[in-house]
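If you read the sequences in order, they're chains A and B.
In case it helps, the UniProt record's numbering puts the first sequence at residues 1 to 136.
In case it helps, the UniProt record's numbering puts the second sequence at residues 1 to 136.
Where a beta carbon is used, it is the ideal one built from N, C-alpha and C, also for glycine.
2 protein chains.
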Amino acid sequence: MDTEPKKRVSGCPVAYGLDSFGDRWSLLIIRDLMVHGKKTYSEFLGSDEGIATNILINRLKTLEADGILSKSRDPDNRRSFTYALTPKGKDLAPIVIEIIRWSGKHDDRPSALKPAVRAVEEDPDGFEKRLRGACD
Amino acid sequence: MDTEPKKRVSGCPVAYGLDSFGDRWSLLIIRDLMVHGKKTYSEFLGSDEGIATNILINRLKTLEADGILSKSRDPDNRRSFTYALTPKGKDLAPIVIEIIRWSGKHDDRPSALKPAVRAVEEDPDGFEKRLRGACD
DNA sequence: TAATTTGCTTGCATTTTGCAAGTTATTTTC
DNA sequence: GAAAATAACTTGCAAAATGCAAGCAAATTA
């Protein structure tokens, strides 16, 4: 595996969070697991934002090494692997939800997508349960 | 001003949030404003994590351009400027809080700092009000 | 008036990201 | 059963972002 970004040592909880998932791609992978029910390398690769293959595999390995997701073989297809959120990964749901709320309030671009924003506002607890459960 | 990182165009609220503050430093500056009451360039520069001067000024300008913080002259010192969170910036408080909670639960390093974690758990609403008010 | 402080800028090396083109081990299709 | 397709990567290289160190001008303090 090639190198992962260096981690800071300040002890600050915000810095720990940023060291774990504070980059351009990690939370999008986690979003795909939670919101879109994606589970495999090629599903993640197909997302709208267009992550590069080497970055994707690096993030998957780093997130696995950090205990945020787990990897297992697909029992039905020997060349396929299934990624799932661990409990530590599922605990990111409130962060994802608050980002969705913030963007829902402040993203004024016409292209802004609002379905998830509406789902959060209509039933926050149900939405969180959905995010935690979608990746089992 | 030198170039700011490119923004994505997917319309996804999670991607919009990451484009706005999803890098190694932005949320640490916002933490300094909210949690530590810092307001000036040199106060941000003094934080434990050790941001470089060119990165700091770049992030301050980008966050200002994105409407997350505002810059004004210090009336008492003509070479000093005061940075403050806008309403859009203050609305990041719930995200910061959820990151603190997540790290408080999952950072097992002996060096992990817990005061803010305890403050959040003891009085979440009061803590959020403090974060929103500390930067006026 | 000589430091010192504040808020920057600049140049350059290192690290990370992004793109494109492989590669290998399975399935699928014909 | 051979050929094509698919899934999960790997590799090489260019571009962009980050990090480090040294400066610099205007305002303030000693």
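In the DSSP output, what is residue i paired with across the bridge?
{"i": "LEU69(B)", "result": "LEU85(B)"}
Between residue i and the rest of its own chain, which residues show a CB-CB distance below 6 Å, the 5 nearest in sequence each way excluded?
{"i": "ARG24(B)", "result": "none"}
{"i": "SER20(B)", "result": "ASP66"}
{"i": "SER70(A)", "result": "ALA84 and THR86"}
{"i": "PRO13(A)", "result": "none"}
{"i": "ALA119(A)", "result": "PHE127"}
Alpha carbon to alpha carbon, how far is residue j from residue i? Give it in angstroms, no decimals.
{"i": "PHE81(A)", "j": "TYR41(A)", "result": "8 Å"}
{"i": "ASP76(A)", "j": "THR86(A)", "result": "22 Å"}
{"i": "HIS36(A)", "j": "ASP108(A)", "result": "23 Å"}
{"i": "SER111(B)", "j": "SER72(B)", "result": "36 Å"}
{"i": "SER47(A)", "j": "ARG59(A)", "result": "15 Å"}
{"i": "ALA116(A)", "j": "ARG79(B)", "result": "45 Å"}
{"i": "LEU28(A)", "j": "VAL9(B)", "result": "13 Å"}
{"i": "ILE57(A)", "j": "GLU49(B)", "result": "28 Å"}
Check the Cβ-Cβ distances between residue i and every residue of chain B, and say whether any is below 7 Å.
{"i": "GLY11(A)", "result": "yes"}
{"i": "ASP111(A)", "result": "The residue asked about is misnamed: residue 111(A) is Ser in this sequence, not Asp. Answer yes: the Cβ-Cβ gap between SER111(A) and chain B drops below 7 Å somewhere."}
Using C-beta distances below 8 Å, list every residue in its chain close to residue i, excluding the 5 sequence neighbours before and after it, in chain order.
{"i": "PRO124(A)", "result": "ILE97"}
{"i": "GLU128(B)", "result": "ALA93, PRO94 and ILE97"}
Residues in the same chain with beta-carbon distance under 7 Å from residue i, minus the five sequence neighbours each way, listed in chain order, please.
{"i": "LYS38(B)", "result": "ASP32 and PHE44"}
{"i": "HIS106(B)", "result": "none"}
{"i": "GLY89(A)", "result": "ILE30, ILE68 and LEU69"}
Return no unless some Cβ of chain A is closer than 7 Å to the Cβ of residue i.
{"i": "GLY17(B)", "result": "yes"}
{"i": "GLU49(B)", "result": "yes"}
Note down, one range per segment and in chain order, each alpha helix (DSSP H) of at least 4 residues found wholly within the region 74-126 of chain A. 87-90, 93-106 and 115-122
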